[in-house]
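Below is one structure, written out as structure tokens; the observations come after it.
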Amino acid sequence: MVGTRPDLAYSVGFFSRSLENPSAEDIVKVKRVFRYIAGTIGYGITYHATETKGVLHCYSDSDFGGCTKTSRSTSGYVMIYAGGAISWRSQR
């Protein structure tokens with residue numbers, strides 16, 4: 151799913167780290183992600199012609215110590231061409 155839904159990459163990576171011993175708070179947050187997935191089930195990556203051919207848009211973000219358990223940061227980027235994501239990554 152992460153391969154075709156870059157909007158889920160951060161959530162899937164984040165919650166996969168706490169699967170061995172999830173807290174009650176983790177379960178509540180995972181259920182919220184499931185509700186998001188159910189509401190956006192028809193979404194996908196689309197590519198379309200644009201007036202600005204050859205323009206590559208790149209975005210990045212980081213949460214700087216956002217993990218409340220380890221105080222580690224998560225950062226990521228997405229590259230968009232012709233209206234669709236062509237590359238993305240999220241890492242802790």
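Residue numbers for the sequence shown follow my numbering, beginning at 151 and rising by one. Beta carbons are placed, not taken as given, at the ideal position from N, Cα and C, and that holds for glycine.
- With 16 or more other Cβ atoms inside 10 Å of its own Cβ, Ser240 counts as buried.
- Leaving aside the five residues that flank Tyr209 on each side, the residues in its chain whose CB is nearer than 7 Å to its CB run, in chain order, Tyr227 and Val228.
- Contact check between the stretch 205-222 and the stretch 180-192: fewer than three CB pairs, one atom from each, fall below 8 Å, which does not count as touching.
- In this structure, the CA atom of Pro156 is about 15 Å from the CA atom of Phe184.
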